[in-house]
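The next block holds one structure in the form of structure tokens; read it before the comments.
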Amino acid sequence: MSGDGNDGNDGNEGRGGAGTAGTAANVAATRLRRRQELCAAAARALSGDASLHYRAGRLSRGLRPLPLQAPHLRADTADGLAGQRGAADGVALRLAYSDAAVHRALCPHDPLERLLFEWLEQMRCEALVPPALRGVAANLRARFEDWSRGFHQAGFTDGHAGILLYTVAQIAWSRVQGRPVLEDTEDLIEATRAAIVPALGAALAGLRRHRADQRGYATHALALSRQVGAMLAAAGFGQPAAAEDGKDEDRQAAVRAAFALWLEVDEEAGGWMAVAGGLAAAPGMVHGADAYRVFTTRYDRELQAAQQVRPALLREYRERLDRLLAARGLNLARLARELAAALAQPRPQGWSFGEESGRIDGRRLALLAASPAERRVFRQERLRPRAACAVSLLVDCSGSMKGHVELVAMLVDTLARALELAGVPAEVLGFTTGGWHGGRARQDWLARGRPPRPGRLNERCHLVFQEAARGWRRSRAGIAALFKSDLFREGIDGEALQWACGRLRALDAGGPGARRIVVVISDGSPMDSATALANDAHYLDRHLQQVVAREEARGEIEVLGLGVGLDLSPYYRRSLALDPARPLDTALLGGVVRWLATRGHALPADQAGPAPGVAGASGAAGASTQAAASGEAPAAPEALSVPPSVPR
Numbered sequence: 067m068s069g070d071g072n073d074g075n076d077g078n079e080g081r082g083g084a085g086t087a088g089t090a091a092n093v094a095a096t097r098l099r100r101r102q103e104l105c106a107a108a109a110r111a112l113s114g115d116a117s118l119h120y121r122a123g124r125l126s127r128g129l130r131p132l133p134l135q136a137p138h139l140r141a142d143t144a145d146g147l148a149g150q151r152g153a154a155d156g157v158a159l160r161l162a163y164s165d166a167a168v169h170r171a172l173c174p175h176d177p178l179e180r181l182l183f184e185w186l187e188q189m190r191c192e193a194l195v196p197p198a199l200r201g202v203a204a205n206l207r208a209r210f211e212d213w214s215r216g217f218h219q220a221g222f223t224d225g226h227a228g229i230l231l232y233t234v235a236q237i238a239w240s241r242v243q244g245r246p247v248l249e250d251t252e253d254l255i256e257a258t259r260a261a262i263v264p265a266l267g268a269a270l271a272g273l274r275r276h277r278a279d280q281r282g283y284a285t286h287a288l289a290l291s292r293q294v295g296a297m298l299a300a301a302g303f304g305q306p307a308a309a310e311d312g313k314d315e316d317r318q319a320a321v322r323a324a325f326a327l328w329l330e331v332d333e334e335a336g337g338w339m340a341v342a343g344g345l346a347a348a349p350g351m352v353h354g355a356d357a358y359r360v361f362t363t364r365y366d367r368e369l370q371a372a373q374q375v376r377p378a379l380l381r382e383y384r385e386r387l388d389r390l391l392a393a394r395g396l397n398l399a400r401l402a403r404e405l406a407a408a409l410a411q412p413r414p415q416g417w418s419f420g421e422e423s424g425r426i427d428g429r430r431l432a433l434l435a436a437s438p439a440e441r442r443v444f445r446q447e448r449l450r451p452r453a454a455c456a457v458s459l460l461v462d463c464s465g466s467m468k469g470h471v472e473l474v475a476m477l478v479d480t481l482a483r484a485l486e487l488a489g490v491p492a493e494v495l496g497f498t499t500g501g502w503h504g505g506r507a508r509q510d511w512l513a514r515g516r517p518p519r520p521g522r523l524n525e526r527c528h529l530v531f532q533e534a535a536r537g538w539r540r541s542r543a544g545i546a547a548l549f550k551s552d553l554f555r556e557g558i559d560g561e562a563l564q565w566a567c568g569r570l571r572a573l574d575a576g577g578p579g580a581r582r583i584v585v586v587i588s589d590g591s592p593m594d595s596a597t598a599l600a601n602d603a604h605y606l607d608r609h610l611q612q613v614v615a616r617e618e619a620r621g622e623i624e625v626l627g628l629g630v631g632l633d634l635s636p637y638y639r640r641s642l643a644l645d646p647a648r649p650l651d652t653a654l655l656g657g658v659v660r661w662l663a664t665r666g667h668a669l670p671a672d673q674a675g676p677a678p679g680v681a682g683a684s685g686a687a688g689a690s691t692q693a694a695a696s697g698e699a700p701a702a703p704e705a706l707s708v709p710p711s712v713p714r
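Quick note: the sequence shown uses our numbering, first residue 67, plus one each step.
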């Protein structure tokens, strides 16, 4: 970020040649998002948990990613659709067939034993897939076999510990599933299998017999985990090697990494555990969060953006924005019609008389008495679609957004104008800070002796570009204040979202059942350097996630994240990524309108295709449940690049 105070569009030069690369990235990100929606739909169908969705590339429940309790569940885009489906199906079956409370009570404390116990329980759940779901079974088998080949081909089976762990995994999977071991490595593991099966035979036999009984199965899984753990300990696995054994220690380190160095356990069981040495891992953004605090509100402000710019300069900004929009040739009337249709709800609008069914019209009873055969003595309530919604566009005015100011200004102005034409009350708000690096709030903190963990440590500044009561026509100059580059400093997203939601609740959205939508337009994570240094790097991230979670739980306001070049799904369950290298046009805006209309669900595949420049949308639904439950994965191109992620 930079705060040079210039009034130009800094950072936009030199991006025109990125169109081809941007288009390819868009296509890849869109395909990846659709693939994730298919996997999420399958997981919801298998587990019966309607809250499952993908967030930041991980299958999640709410803000928390579901734990991946076996190494073979760690699939990525290179594993293809079948591999990703297999991993998602495995997680879903664990939810469906494993009693988490029973499992936690039986889990061993030793990290290595726990890894093996978790893995064996995952194998049990995967073996319980109903026979009718042949596609699910095929996906699960493909995922395990792909992981097995990858582990061997990477050379992790060269050392004693690696071949022992690999052999145990192969024979345990074979016994529980009732399938032969992987043919590619059958000869490789033969000697090790012959050496360990006499000691492990009873436990392995018990796994197959008791796979439908979690407690009975756990008895044999615990015995197997402890026996294998003792074998590895005897071989020195996880212990410092002698100087002459440095090469073997390198192999052990590689094996630990390949078996997932960090064992993710259920959030209710205490978060995370390290396999390599029993060390506690650093908590994630959501875990272990303290209550959000503010060091001082003395310098916090809420400003009218138009009043922060000289009138003559504001007119220049508005003329500049008008020229940019005129060059785009946007079909505003079409967008307004699409918005009106998308956000409309049936509303009563008087009565229709002389009907042949409905409610008796008392004024026509005399007609009925005079002519008993008369049927047109009823009335019906007349319903007309009318916009029943209020929208708040909340713009991130941190320094990094200066490079996207033209795109954001055109997008916000066009949406605000189209919403007004559609009869939808709308606000345009922004958030920044009053100073860099903490400003006067940090100076006060230093003067008080730097008390630990002070909380938010900067001057919060909220900007109003357009009030709902004034509408676009009277606020159009204020929207042009987005070109004032010295308004862009740092960003405190969570408090800004709370403020925007509070304002939105006060608006008349059109009666009961009306929608209220906040669209946060941002290019990354919250960023305030003083707060991060005085607390921790994820302090503001956690608060934003907590605010979003509270609003989603209340159910009054839909919170959406519109990412400018980046994926905002770590923060917003419903998110859309725009490619800043593509020009704003009617098709792109149409994609945004369709996204707004989805009410928390992803569009069907034949409708959801993002317009050029739309990198993909995330929502709560995906492919049809029936298709997902069948487990049959449609063919899809395998080469995908991972979409941009939120910078940390």
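Yeah, the Cβ is synthetic: ideal placement off N, Cα and C, and Gly gets one too.
Bridge partner(s) assigned by DSSP for residue i
{"i": "L557", "result": "Residue 557 is actually Gly in this sequence, not Leu. Answer is M593."}
{"i": "D176", "result": "D176 pairs with nothing; no bridge assigned."}
{"i": "G631", "result": "G631 pairs with nothing; no bridge assigned."}
{"i": "H286", "result": "None; H286 has no bridge partner."}
{"i": "V461", "result": "G496, I587"}
{"i": "P131", "result": "S126"}
{"i": "E103", "result": "Looking at the DSSP assignment, E103 forms no beta bridge with any residue, so it has no partner."}
{"i": "V360", "result": "R522"}
Separation of residue j from residue i, as counted between CA atoms
{"i": "V157", "j": "G123", "result": "14 Å"}
{"i": "L571", "j": "R581", "result": "What sits at residue 571 in the sequence shown is Arg, not Leu. Cα to Cα, the separation comes out at about 10 Å."}
{"i": "G537", "j": "V360", "result": "33 Å"}
{"i": "A600", "j": "P517", "result": "9 Å"}
{"i": "A575", "j": "V490", "result": "8 Å"}
{"i": "E624", "j": "S595", "result": "29 Å"}
{"i": "A513", "j": "L523", "result": "13 Å"}
{"i": "F291", "j": "L132", "result": "In the sequence under discussion, the amino acid at residue 291 is Ser, which differs from the Phe named in the question. C-alpha separation (whole angstroms): 23 Å."}
{"i": "C567", "j": "V613", "result": "10 Å"}
{"i": "R101", "j": "A203", "result": "19 Å"}
{"i": "R425", "j": "E447", "result": "9 Å"}
{"i": "C173", "j": "A547", "result": "59 Å"}
{"i": "L118", "j": "S126", "result": "6 Å"}
{"i": "R665", "j": "L495", "result": "22 Å"}
{"i": "A335", "j": "R170", "result": "Only weak support is given to the placement of A335: the predicted model assigns it a pLDDT of 40, under 50, and the question is left unresolved by the model."}
{"i": "G128", "j": "A615", "result": "7 Å"}
{"i": "A410", "j": "A402", "result": "12 Å"}
{"i": "D462", "j": "Q188", "result": "43 Å"}
{"i": "V659", "j": "E249", "result": "52 Å"}
{"i": "A109", "j": "Q293", "result": "34 Å"}
{"i": "G521", "j": "T597", "result": "7 Å"}
{"i": "L459", "j": "A166", "result": "41 Å"}
{"i": "R121", "j": "L134", "result": "14 Å"}
{"i": "H609", "j": "W565", "result": "14 Å"}
{"i": "Y605", "j": "Q509", "result": "20 Å"}
{"i": "Y163", "j": "P246", "result": "24 Å"}
{"i": "L662", "j": "L391", "result": "22 Å"}
For residue i, the first and last residue of its enclosing alpha helix (DSSP H)
{"i": "Y120", "result": "Unbroken run through Y120 is the beta strand (DSSP E), 118 to 121; no alpha helix (DSSP H)."}
{"i": "V474", "result": "471 to 487"}
{"i": "R620", "result": "605 to 620"}
{"i": "L662", "result": "652 to 662"}
{"i": "L431", "result": "431 to 436"}
{"i": "E249", "result": "Segment: none, E249 is in no alpha helix (DSSP H) and carries neither H nor E."}
{"i": "V202", "result": "200 to 219"}
{"i": "Y383", "result": "377 to 394"}
{"i": "A543", "result": "537 to 545"}
{"i": "A507", "result": "505 to 513"}
Range covered by the beta strand (DSSP E) that runs through residue i
{"i": "F497", "result": "492 to 499"}
{"i": "S641", "result": "640 to 644"}
{"i": "L529", "result": "526 to 532"}
{"i": "R367", "result": "367 to 370"}
Practice item. Inspect the CB distances between the stretch 139 to 157 and the stretch 195 to 209 and report whether three or more fall short of 8 Å. Key: yes
Review point. Are three or more beta carbon pairs between the stretch 387 to 400 and the stretch 415 to 426 nearer than 8 Å?
Key: Judged by Cβ distances under 8 Å, the stretch 387 to 400 makes no contact with the stretch 415 to 426, as fewer than three pairs qualify.
Check your understanding: Would you call the stretch 468 to 475 and the stretch 487 to 501 in contact, with 3 or more CB pairs under 8 Å?
Key -> no
Review point. Touch check for the stretch 148 to 166 and the stretch 218 to 225: three-plus C-beta pairs under 8 Å?
Key: no
Check your understanding: How about the stretch 249 to 258 and the stretch 275 to 294: do they share at least three Cβ pairs that are nearer than 8 Å?
Key -> no
Check your understanding: At a cut of 8 Å, does the stretch 585 to 594 reach the stretch 629 to 645 through at least three beta carbon pairs?
Key -> yes
Practice item. Report yes or no: do three or more beta-carbon pairs, one from the stretch 428 to 444 and one from the stretch 544 to 554, lie closer than 8 Å? Key: no
**Study point:** Segments assigned alpha helix (DSSP H), at least 4 residues, entirely inside the stretch 141 to 193
**Key:** Correct list: 146 to 163, 166 to 172, 177 to 193.
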